[in-house]
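Asks: One gets my numbering by counting positions in the sequence shown from 1 and adding 662 to each. The beta carbon of each residue, even a glycine, is placed where N, CA and C say it ideally should be.
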Amino acid sequence: MENTSFEDALDEAQRLGFAEADPTDDVEGVDAARKVVITSYLTFNQVINLSDVDRHGISDVELADIKAAEALGYKIKLIGKGTYEQGKVNASVAPTLISTAHQLSAVEDEFNAIYVIGDAVGETMFYGKGAGSLATGSAVVSDLLNVTLHFESNLHTLPPHFELKTEQTKELMDSDDTVSFKEKESYYVVIQTDGEEPSKVEALIKAELPFHKSLAVTERDARTVGLIVVGLDESPESAITEAGYVVNKIYPVEGV
663 MENTSFEDAL
673 DEAQRLGFAE
683 ADPTDDVEGV
693 DAARKVVITS
703 YLTFNQVINL
713 SDVDRHGISD
723 VELADIKAAE
733 ALGYKIKLIG
743 KGTYEQGKVN
753 ASVAPTLIST
763 AHQLSAVEDE
773 FNAIYVIGDA
783 VGETMFYGKG
793 AGSLATGSAV
803 VSDLLNVTLH
813 FESNLHTLPP
823 HFELKTEQTK
833 ELMDSDDTVS
843 FKEKESYYVV
853 IQTDGEEPSK
863 VEALIKAELP
873 FHKSLAVTER
883 DARTVGLIVV
893 GLDESPESAI
903 TEAGYVVNKI
913 YPVEGV
């Protein structure tokens, strides 16, 4: 739904049955976090708790933010991510800037996708409907049949993807250990400018952030603007901290 407010888009999703009557779990990333917990177990043989997932929803994303991303060739998608690096698991859910050249940028409406990067197989993607009465009903029936056939085979255990272990088998990655995909590639902040012209804001920040590829500023309301910085993957490891410090010296940061 192009050029539509968050409230109108949510109303339409509820009308079509793609969002729950209480949409909190959908828009605040709780449902996506649950999927990250399940897929992390299947992928890494690792049990993590829902509270272990670093979670941020989409309720604060505004139409101006989406347009700013589009100006740089990006879309904002709610991405759940699990990685295994340095012997540790990192799990997160957050609105993420995805290049329009990437397959995930084309996932729209009730469709979901799982994007897997393997050591040997490389990049693969699994795509299909993730909401709606028929898609949900099909998944439930599939699970019930799976359990029934498993027990009829005289296997007195649950199928592997139901039989979750009770203890963690791999250590969770501390937030200080790594920088997430979203932060490596780009970041988005809301800064308080009290009505200053976006063009002036953009010029000031560009002068102070020489290591970015591109930057866009868009007016959100009378007090604040949104700032997108792209290209931090080519900057030093301390770039995120440094960039945030530089921006905050010029304008107060209200949110990231």
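Quick check on the DSSP output: the beta strand (DSSP E) that includes Phe680 runs from which residue to which?
Replies: From DSSP, Phe680 is part of no beta strand (DSSP E); its letter is neither H nor E.
Asks: Specify the secondary structure class of Asp684 as computed by DSSP and reduced to three states.
Replies: Looking at Asp684 - three-state DSSP - the assignment turns out to be coil, as it is neither helix nor strand.
Asks: Does Ser761 come out as helix, strand or coil in the three-state DSSP assignment?
Replies: Ser761: strand per DSSP, three-state reduction.
Asks: Would you mind working out which of Ala730, Val698, Asp722, Ala731 sits nearest Val715, comparing C-alpha positions?
Replies: Of Ala730, Val698, Asp722, Ala731, the residue nearest in Cα terms is Val698.
Asks: Please name the residue or residues paired with Glu747 in a DSSP beta bridge.
Replies: Lys750.
Asks: Quick check on the burial criterion: 16 or more other C-beta atoms within 10 angstroms. Buried or exposed for Thr758?
Replies: Under this definition Thr758 is a buried residue.
Asks: Could you compute how far the alpha carbon of Ile779 sits from the alpha carbon of Glu858?
Replies: Near 43 Å, if we compare the C-alpha coordinates of Glu858 and Ile779.
Asks: Do three or more CB pairs link the region 699–718 to the region 747–764 at distances below 8 Å?
Replies: At 8 Å Cβ cutoff, the stretches touch.
Asks: Should the region 780–797 be regarded as contacting the region 764–772, the criterion being three or more beta carbon pairs within less than 8 Å?
Replies: Flag = yes, the region 780–797 and the region 764–772 touch.
Asks: On the three-pair Cβ rule with 8 Å, is the region 703–714 touching the region 735–752?
Replies: In short, these stretches touch, since the Cβ pair count reaches three.
Asks: Under the rule that 16 or more other beta-carbon atoms within 10 Å means buried, what is Thr686, buried or exposed?
Replies: That one is exposed.
Asks: Go through its chain and collect everything with a Cβ distance to Asn774's Cβ below 6 Å, but skip five positions before and after it.
Replies: The answer, listed in chain order, is Gly792.
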